[in-house]
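Since the structure comes first, as structure tokens, the remarks are kept for the end.
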Amino acid sequence: MKTQATTGIDHPPQNISNLLKALTQLAYDHGASAAAVIRCPSIPVKDHLADLCKPPGCPNYGLAASCPPHVGGPQRFREQLTRFEHAIVFKIDVRAADLMGAARPDIFRTLHRIAATIEQAAVARGCKDACAFAGGSCKELFCTDHPSCRVVQENEPCRYPAEARPSMSGYGIDVFGLMAALGWPQHRIGDNNHSDDGPTGSIAGMVLIC
């Protein structure tokens, strides 16, 4: 079992510290390569990153309730951040060949499930407003066999409320800036990052805790 203490960036009171450590460990237990606590004022948000979701940037624009234009974007996220002090960020390091190939949907589904698991555990422990973010369109990942997102097209409940989470990109969250703030190596697809299995890349998720 991997274990890593929360980052030195944050020094919350002991009772909160124990909760954050437990939730950080939960990320590892469910497949994260790294996980750490960050103070919410340190989370970088950039308006232009959310604009990249617009056509022709992303083919999934408008297809899911958790993606633009159906989310509040950077402005709403900045407002949301003011109600939190601590967040947990986690990443999954994967082979670039897998991330760009047939394994991609499974990898991103794992990202969503880790985020959702941490959020649900935080809520169960009293952080009722905990809110998770992942990456990739939930329509593409969970409802690819359905013609449309039920929430968008029918105003009905989500088919996968326990797993699907909003994408960070739609809120302008700077994922690589987030990883840099935590001192993590930034593995961009296409960079010369190699393991014994070939080039590697990283995807990340985040949960606002309390």
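So for the sequence shown, this note's numbering puts the first residue at 13; every next one is plus one. We put the CB at the ideal spot given by N, CA and C, even for glycine. Everything numeric in this text was worked out from a predicted model, so none of it was measured.
{"query": "How about residue 106 and residue 212: are their beta carbons less than 8 Å apart?", "result": "yes"}
{"query": "So residue 105 is in the beta strand (DSSP E); what residue range does that whole segment cover?", "result": "98-107"}
{"query": "Residue 165: which of 195, 103 and 82 sits nearest, CA to CA?", "result": "82"}
{"query": "Pull up the distance between the alpha-carbon of residue 180 and that of residue 108, whole angstroms please.", "result": "20 Å"}
{"query": "Could you check the C-alpha separation between residue 46 and residue 39 for me, to the nearest Å?", "result": "8 Å"}
{"query": "Write down the C-beta distance between residue 214 and residue 55 rounded to the nearest angstrom, noting that I regard them as a contact closer than 8 Å.", "result": "That pair is no contact at about 17 Å."}
{"query": "Could you work out which residue in 98, 126 and 156 is closest to residue 217 when comparing CA atoms only?", "result": "126"}
{"query": "When the distance is taken between beta carbons, is residue 133 closer than 8 Å to residue 177?", "result": "no"}
{"query": "With distances taken Cα to Cα, identify the nearest neighbour of residue 34 among 168, 137, 77 and 169.", "result": "137"}
{"query": "Can you tell me where the alpha helix (DSSP H) with residue 50 in it begins and where it stops?", "result": "Residue 50 -> not in any alpha helix (DSSP H); beta strand (DSSP E) instead, spanning 46-51."}
{"query": "Whole-angstrom Cβ separation of residue 95 and residue 141, contact assumed at under 8 Å?", "result": "7 Å"}
{"query": "I'd like the list of long-range same chain contacts for residue 183, defined as Cβ closer than 8 Å, with 5 residues on each side in sequence excluded.", "result": "57, 62, 83, 84, 85, 86, 88, 89 and 145"}
{"query": "Can you give the Cα-Cα distance for residue 159 and residue 74, rounded to whole angstroms?", "result": "13 Å"}
{"query": "Within 10 Å of its beta-carbon, does residue 131 have 16 or more other beta-carbons around it, so buried, or fewer, so exposed?", "result": "buried"}
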